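Student:
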Amino acid sequence: MSTMLTVDNIVKVYRAHGSEVRAVDGVSFEVETGTTFGLVGESGSGKSTVARCALRLIEPTSGSSSIDGEPIGALRNKAMRRLRASTGMVFQNPVAALDPRLTIEQSIAEPLRTHTSLRRRALAARTHELLDEVGLAQAHAERLPHQLSGGQCQRVGIARALATRPKLLVLDEPTSALDVSVQAQVLNLLQELRREYALSYLLISHDLDVVRYMSDTAGVMRKGSLVEVGPAAEVLVSPQHEYTQRLLAAMPETPGAVPLPRAPRIPVERAAQQQWPPDAPTSASPTTPSLNENRITS
Ligand SMILES: Nc1ncnc2c1ncn2[C@@H]1O[C@H](COP(=O)(O)OP(=O)(O)OP(=O)(O)O)[C@@H](O)[C@H]1O
Ligand SMILES: [Mg+2]
């Protein structure tokens, strides 16, 4: 199996007003091609910082990363732009991530204008194709972000991230701002898209259920360091590290949520096939919602 993202000993020290924050302190991991790597850890543990350093959205203090075998640090303008186009990022707050003055069609077209030579009809065609891929109706194209729900805005965010046909998506808390039923639709959409386009995901979430449902591999961050890495079904069901055990034990009880099963261990292949929410019918069941059933038409 090949490696889509290699993160090698990244350190990031923020300096502000004479003080230093060692946000990331020597983190290394790999995201295998076509898989999801889930990063968990308490707030402030450095998850977003390490992801931004990995894509060079911010400059790490030291360390390096490569995407699909290509080291990022050494790249100059044009090569860097090409690499940027091969990655996408989905953010936590879908409404704030969109320009309120742009229609949905303009928002989705924006990365295409920046990174491709598509113009007019080809641009419109690709934009409409993207609306369709994320389960939005063509009627949404002319609307403004405030005329859409949070879940619909996040679909627009996903369409923007997918616009340039990237190989790797960084999903930074993609569903934390959404309510539970909408979370399920967005997570299932992301799973479908990953399979359909052979994408690799770096998923950041404080929700261990979300990470376990989505991920093949999980990494646990604490105070800037990665304290545990392994198959998601093992790390997030039977963790070896005392900090991960405490993180699992501290998981809030969401009313109506299904408790996280602790035993027996779920094989990774099966964990990857599980439906969200965890009590949903399995993929073998004819009642499993498909991407089309997740489609929003109004
Ligand atoms: N631009 C910045 N300047 C100074 N300190 C920062 C900056 N961005 C983040 N930090 C600090 O770096 C540490 C790691 O922050 P980061 O946002 O990476 O954490 P996180 O794990 O993503 O947290 P959350 O789950 O709340 O999103 C925190 O202590 C944070 O306050
Ligand atoms: Mg964060």
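Number 13 in my numbering belongs to position 8 of the sequence shown; there are no gaps in the numbering. C-beta: ideal position from N, C-alpha, C; glycine also. Here the structure is a predicted model, which is why all the values come from computation and not from measurement.
Helix, strand or coil for S91? Go by DSSP, reduced to three states.
Tutor: Coil, per DSSP.
Student: Work out the CA separation of R126 and I15 for me, nearest whole Å.
Tutor: Each residue's alpha carbon lies about 43 Å from the other.
Student: Cβ atoms of A166 and V45: under 9 Å apart, would you say?
Tutor: No, Cβ-Cβ distance for V45 and A166 is not below 9 Å.
Student: Check A21 in the structure and name its three-state DSSP category.
Tutor: Residue state, collapsed to three classes: strand.
Student: Leaving out five residues before and five after D13 in sequence, what residues of the same chain have Cβ atoms less than 7 Å from its Cβ?
Tutor: Excluding sequence neighbours, D13 sits near S33, G68, S69, S70.
Student: In chain order, what are the residues with a CB under 6 Å from some non-hydrogen atom of ligand 1?
Tutor: This criterion selects Y19, A21, V26, A28, G46, S48, G49, S50, G51, K52, S53, T54, H211.
Student: Would you call the segment 196-212 in contact with the segment 179-187, where contact means no fewer than 3 C-beta pairs closer than 8 Å?
Tutor: Enough Cβ pairs lie closer than 8 Å, so yes.
Student: Per DSSP, what kind of secondary structure is I72 in: helix, strand or coil?
Tutor: Residue state, collapsed to three classes: strand.
Student: Please indicate yes or no: does the CB of I209 lie closer than 8 Å to some heavy atom of ligand 2?
Tutor: True, at least one ligand heavy atom lies under 8 Å from that Cβ.
Student: Taking G155 as part of the alpha helix (DSSP H), name the residues at either end of that continuous run.
Tutor: Run containing G155: 155-167, per the alpha helix (DSSP H) assignment.
Student: State buried or exposed for E233, treating a residue as buried only when at least 16 other CB atoms are found within 10 Å of its CB.
Tutor: It is buried - the Cβ of E233 has at least 16 other Cβ atoms within 10 Å.
Student: Taking the C-alpha atoms as reference points, what is the distance between R87 and A254?
Tutor: C-alpha separation (whole angstroms): 43 Å.
Student: Flag R165 as yes if its beta-carbon sits less than 9 Å from any beta-carbon of chain B, otherwise no.
Tutor: Any reference to chain B falls outside this structure, which holds one protein chain only.
Student: Would you say G178 touches ligand 2, meaning its beta carbon is less than 8 Å from a heavy atom?
Tutor: The residue asked about is misnamed: residue 178 is Glu in this sequence, not Gly. Indeed, a heavy atom of ligand 2 lies less than 8 Å from the Cβ.
Student: Are the CB atoms of L241 and S205 nearer to each other than 9 Å?
Tutor: No, Cβ-Cβ distance for L241 and S205 is not below 9 Å.
Student: Under the three-state reduction of DSSP, which class applies to V139: helix, strand or coil?
Tutor: Reduced to three states, the DSSP call for V139 is coil.
Student: Could you tell me whether the segment 50-57 touches the segment 28-42, where touching means 3 or more Cβ pairs closer than 8 Å?
Tutor: Short answer: they touch.
Student: Measuring CA to CA, which of A21, K17, H22, T38 is closest to M6?
Tutor: If we check each option's Cα against that of M6, T38 comes out closest.
Student: Can you tell me where the beta strand (DSSP E) holding S205 begins and where it ends?
Tutor: Unbroken beta strand (DSSP E) run through S205: 205-209.
Student: Quick one, which of R160, M85, N82 has its alpha-carbon nearest S112's?
Tutor: Of the listed residues, the one whose Cα sits closest to S112 is R160.
Student: For F42, which residues from the same chain have a beta carbon less than 6 Å from its beta carbon, with the 5 sequence-adjacent residues on both sides left out?
Tutor: Cβ neighbours of F42 beyond the five flanking positions: V36, L207, T222.
Student: Please work out which residues of its chain come closer than 7 Å, Cβ to Cβ, to E64, disregarding the five sequence neighbours upstream and downstream, and give them in chain order.
Tutor: Within the same chain, E64 has no close Cβ partners at all.
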